[in-house]
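Read the structure below first, then the notes.
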Amino acid sequence: MELVSTHVQKRDVAVVAALHDLNLATRYCDRLVLLHDGRIYDAGSLEILTPDTIRTVYGANVSVVHHDGERVIVPDTSSRTNDTDAS
2 MELVSTHVQK RDVAVVAALH DLNLATRYCD RLVLLHDGRI YDAGSLEILT
52 PDTIRTVYGA NVSVVHHDGE RVIVPDTSSR TNDTDAS
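For the sequence shown, my numbering begins at 2 and goes up steadily by one.
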């Protein structure tokens, strides 16, 4: 991704990439398009990556935090259920 990012900056071009790693997307993308059920759910800057949006699109509970000036998506592991506990 560093190579692609450098190419984009040097050539002043755009790149369309399909990424499933939201932290990778937050690091390298200026704009995002989120798809849900085969349709565009939301599009825009990184600000669209909210816990509610991520829950709707991916079915995952997360926190969105800032660390060293970067937006980081952190899974909420406290909401996980342990299959071995069910008896």
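The beta-carbon is built from N, C-alpha and C at its ideal position, and this holds for glycine as well. Predicted model, so just to flag it, every value in this text is computed and none were measured.
Decide if residue i is buried, meaning its Cβ has at least 16 other Cβ atoms within 10 Å, or exposed.
i          : result
residue 55 : buried
residue 63 : buried
residue 4  : exposed
Following the continuous beta strand (DSSP E) through residue i, name the residue where it begins and the one where it ends.
i          : result
residue 34 : 33-37
residue 43 : 40-45
residue 64 : 63-68
residue 73 : 71-76
Please list, in chain order, all residues of the same chain as residue i whose beta carbon is under 6 Å from its beta carbon, the five residues on each side excluded.
i          : result
residue 9  : 16
residue 20 : 26
residue 2  : 29
Under 8 Å between C-beta atoms, does residue i make it to chain D?
i          : result
residue 32 : Among the chains in the structure shown there is no chain D, since it carries only a single protein chain.
Would residue i pass as a contact of residue j if the rule is Cβ separation under 8 Å?
i          : j          : result
residue 65 : residue 76 : no
residue 58 : residue 24 : no
Would you give the residue range spanned by the alpha helix (DSSP H) that residue i belongs to?
i          : result
residue 6  : 3-12
residue 49 : Where residue 49 is concerned, there is no enclosing alpha helix (DSSP H), given that its DSSP letter is neither H nor E.
residue 26 : 23-29
Return the chain-ordered list of same chain residues with a C-beta closer than 7 Å to the C-beta of residue i, the five sequence neighbours on each side being excluded.
i          : result
residue 41 : 34
Can you list, in chain order, the residues of its chain with a C-beta nearer than 8 Å to that of residue i? Leave out the 5 residues immediately preceding and following it.
i          : result
residue 44 : 32, 33, 34, 35
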